[in-house]
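Visitor: I'd like to ask you about the structure that follows.
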Amino acid sequence: MQLISDVHMKLSVVVPAYNEQESFPSFYPKLVEGIKKAVGESYEILLVNDGSTDDTLQAVRALAKQNKQLKCLGLSRNFGKEIAITAGVQHATGDAVLIIDADGQHPAKLIKDFVDLWKDGYQVVVGIRKSNKKEGVIKRYGSKFFYKAFNATSDITLIPNATDFRLIDRAVQKEFIKFTERNRIARGVIDWMGFKQAFVTFHANKRIAGKASYKFSKLFSLALDSFISLSVAPLYAIGYVGFFITVCSLVLGLFVLVEQLILSDPLGLRITGTAMLVILTLFLVGIILISQGLLAIYLSHIHSQTQDRPLFIVDMKNSVNID
Ligand code: UDP
Ligand code: MG
Numbered sequence: 000m001q002l003i004s005d006v007h008m009k010l011s012v013v014v015p016a017y018n019e020q021e022s023f024p025s026f027y028p029k030l031v032e033g034i035k036k037a038v039g040e041s042y043e044i045l046l047v048n049d050g051s052t053d054d055t056l057q058a059v060r061a062l063a064k065q066n067k068q069l070k071c072l073g074l075s076r077n078f079g080k081e082i083a084i085t086a087g088v089q090h091a092t093g094d095a096v097l098i099i100d101a102d103g104q105h106p107a108k109l110i111k112d113f114v115d116l117w118k119d120g121y122q123v124v125v126g127i128r129k130s131n132k133k134e135g136v137i138k139r140y141g142s143k144f145f146y147k148a149f150n151a152t153s154d155i156t157l158i159p160n161a162t163d164f165r166l167i168d169r170a171v172q173k174e175f176i177k178f179t180e181r182n183r184i185a186r187g188v189i190d191w192m193g194f195k196q197a198f199v200t201f202h203a204n205k206r207i208a209g210k211a212s213y214k215f216s217k218l219f220s221l222a223l224d225s226f227i228s229l230s231v232a233p234l235y236a237i238g239y240v241g242f243f244i245t246v247c248s249l250v251l252g253l254f255v256l257v258e259q260l261i262l263s264d265p266l267g268l269r270i271t272g273t274a275m276l277v278i279l280t281l282f283l284v285g286i287i288l289i290s291q292g293l294l295a296i297y298l299s300h301i302h303s304q305t306q307d308r309p310l311f312i313v314d315m316k317n318s319v320n321i322d
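So the sequence shown is numbered by numbering that gives the first Met the number 0: it starts at 0 and just counts up by one.
In C-alpha cells form, the structure reads like this:
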C-alpha cells in the first residue's frame, strides 16, 4: 500500500467566523505556524465570514494582502456556524479539509497531529475536548445527559465532547457535499457517515476576544436539533408512553372490575366512582397516545425521506477493484 505521507498533499483549513475582528487577527499567526509545521507551504485558509457585522472582513483583507493563501468566503448574512462550516467545506480544494474555530479556542499547534493521523490512513480525525472544569454544572451535566440519552436511543454513536475541530479526507468531503438537509449539525453528519476515525484530545484555550455566541438556550436548541436531525426516538417515545399507560390502566381497570363490581369489594378498598373515572380516562389517554405514536412512525419515515440522505456511502479504502 502506498502511504499518503509519500504524496504531495494540500491542506484546506476552513475557519467559520462571526464577528471575530479581534480574535482572528491575533490567532492568525499561530494558525499559519501550526499549518506550516504540518504541511509546509501547500495549504489554503478558507475563512467563512458568516455575515459578521463588525470589521472581520477588513481584518481578513489586511492579512490576505500579505498571504494569497488566505481566502475569505463571505456569506450574505449570518447563517449560523453549521452552515458556515458547510459552505467552507464545499469550497475547499485540498486533499484534506481541517475545520477550526476563529477565536483561538482550538490549539493550532495540534494541526500536525491531525495531519499525521490522516497520513496514517485515517479519513476522519476528530478533536475531543477535555472537559472544562469551569463549565457550569448545568452545561456539564446537560451535555452528559444529552449523550447518554442520544446514544441509548439512536443507532449511531456520538462521542462525548467531540468538537468541530476535525479533519476530513477529500473522499469524506465529497460525500459531505451531497447532503441536502437544512437543519444540519456538521459534526453529526460527519459522524453519521462513518469512515475510519481517529481522535486527538485537546484542552480548549480561552476565547481570545469577544463572546461565545452560544448561550445556554442556544446550546439547548442545538441539542434538540441534533436529536431531531439524527434520531427519530422522540417520535417513537410517544407511542411507548401510550402503550405503557394503556397497559397499566387496563390492569388497574380489570382489577377494579373484579374486586369491586364482581366480588363486591372483599379487600375493603372502597374504590370511589371518581377513581374509576380516572382509570377510564387514563385508558383513553393511552389509546390516544398510541394512535399518535403510530402517526409519529409514519412521520418519522417521511422525515427521513425528506432528509434525503444518501442510502449508503462507499468507502473506497474498504473496497477492491471498484472505480
Ligand atoms: N460562528 C459562526 N457563525 C455563528 C456563530 C459562530 O461562524 O453564527 C463561529 C465563531 O466565529 C467561531 C466558531 O463559530 O469561530 C465557534 O463559535 P463560538 O466561539 O461563538 O462558540 P463556542 O463553540 O466556542 O462555544
Ligand atoms: Mg469559541
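Ideal Cβ positions, reconstructed from N, Cα and C, are used throughout, including at glycine.
None of the values given here were measured: they were computed from a predicted structure.
Say yes only if the C-beta of Ala197 is nearer than 7 Å to one or more non-hydrogen atoms of the ligand UDP, and no if none qualify.
Guide: The sequence position of residue 197 within the sequence shown is 198, counting from 1. Because no heavy atom of the ligand UDP lies under 7 Å away, the Cβ of Ala197 does not count as near it: no.
Visitor: I'd like the span of the alpha helix (DSSP H) that includes Gly272, first residue to last.
Guide: Here residue 272 is taken as the residue at index 273 of the sequence shown, counted from 1. Element bounds for Gly272: Gly272 to Gln306.
Visitor: Thinking C-alpha only, which one of Glu180, Thr52 and Leu97 is nearest Leu10?
Guide: For this step, residue 10 is matched to residue 11 along the sequence shown. When only C-alpha atoms are compared, the closest one is Leu97.
Visitor: With three or more beta-carbon pairs closer than 8 Å as the criterion, would you say the stretch 136–146 touches the stretch 104–111?
Guide: Contact between the stretch 136–146 and the stretch 104–111 is absent, because fewer than three Cβ pairs lie under 8 Å.
Visitor: Any heavy atom of the ligand MG closer than 7 Å to the Cβ of Gln104?
Guide: Your numbering for residue 104 matches position 105 in the sequence shown. Yes, Cβ of Gln104 sits closer than 7 Å to a heavy atom of the ligand MG.
Visitor: Would you decide whether Glu81 is buried or exposed? Buried here means 16 or more other CB atoms lie within 10 Å of its CB.
Guide: Against the sequence shown, residue 81 aligns to sequence position 82. Buried, by the Cβ-count rule.
Visitor: Compare the Cα-Cα distances from Gly126 to each of Ile189, Ala170 and Asn77 and report the closest residue.
Guide: As a position in the sequence shown, residue 126 is number 127, starting the count at 1. Out of Ile189, Ala170 and Asn77, Ile189 has the C-alpha closest to the C-alpha of Gly126.
Visitor: Please tell me whether Ser290 and Ser230 are closer than 8 Å, where the distance is taken between their beta carbons.
Guide: The residue given as residue 290 occupies position 291 in the sequence shown. The residue given as residue 230 occupies position 231 in the sequence shown. No; because the gap between Cβ atoms is not below 8 Å, this pair is not in contact.
Visitor: Decide if Thr162 is buried, meaning its Cβ has at least 16 other Cβ atoms within 10 Å, or exposed.
Guide: If you number the sequence shown from 1, residue 162 lands on position 163. Thr162 comes out buried.
Visitor: Counting along the chain, where does the beta strand (DSSP E) carrying Phe165 start and finish?
Guide: For the purposes of this step, residue 165 is identified with residue 166 of the sequence shown, where counting begins at 1. Correcting the residue type first, residue 165 is Arg in the shown sequence and not Phe. Arg165 -> beta strand (DSSP E) spans Ala161 to Asp168.
Visitor: Please specify which runs of the alpha helix (DSSP H), each continuous and at least 4 residues long, are wholly inside the stretch 78–140, giving them in chain order.
Guide: 80–90 and 110–118
Visitor: Beta-carbon within less than 7 Å of Asn204's beta-carbon, same chain only, minus the 5 sequence neighbours each way: which residues are those?
Guide: For the purposes of this step, residue 204 is identified with residue 205 of the sequence shown, where counting begins at 1. So the list reads Gly103, Gln104 and Pro106, once near-sequence residues are dropped.
Visitor: Under the criterion of a Cβ to heavy atom distance below 7 Å, does Ala151 qualify as lining the ligand MG?
Guide: Translated into the one-based positions of the sequence shown, residue 151 becomes position 152. Taking 7 Å as the cut-off, the C-beta of Ala151 does not count as close to any heavy atom of the ligand MG.
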